[in-house]
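Below you'll find the structure, written out as structure tokens, and then a few comments.
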Amino acid sequence: MITVKDFQKAERKPNACKDEHGRLRVGAAVGAGAGNEERVDALVAAGVDVLLIDSSHGHSEGVLQRIRETPR
């Protein structure tokens with residue numbers, strides 16, 4: 650849903666959340682566990698701007714491993 654406030658905000662800050670080419674920035678979440686490698690690779694290949702490593706249960710070693718394995 651888009652509201653009047655959304656249009657007003659877009660007029661005040663036309664470049665908010667846009668990259669140097671004027672495209673919207675895109676983020677995606679991926680799990681820290683095994684089996685997400687293809688998803689990470691596909692998102693990186695598609696040009697995702699931000700990857701969030703999901704750690705809902707606080708398994709920090711899995712998160713650190715996912716960060717090490719994720720291409721930059």
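For the sequence shown, the positions run 650 to 721 when the working numbering is used.
Glycine is no exception: its CB is placed at the ideal position from the N, C-alpha and C atoms.
None of the values given here were measured: they were computed from a predicted structure.
- prompt: Based on the DSSP output, what are the partners of K667 in its beta bridges?
  reply: L673
- request: Thinking I702 and A681 are a contact (beta carbons under 8 angstroms), I'd like their distance in whole angstroms, please.
  value: 5 angstroms
Limits of the unbroken alpha helix (DSSP H) element including D655: Counting along the chain, D655 sits inside the alpha helix (DSSP H) bounded by residues 653-661.
query: Does the pairing of the region 686-699 with the region 652-664 give three or more beta-carbon distances under 8 angstroms?
result: no
- prompt: G711 by DSSP, collapsed to three states: which one?
  reply: When DSSP states are grouped into helix, strand and coil, G711 belongs to the helix group.
query: Between E718 and chain D, is there a C-beta pair that is closer than 8 angstroms?
result: Absence of chain D from the displayed structure is noted, only one protein chain being present.
- prompt: How many Å lie between V689 and E710 at the Cα?
  reply: 18 angstroms
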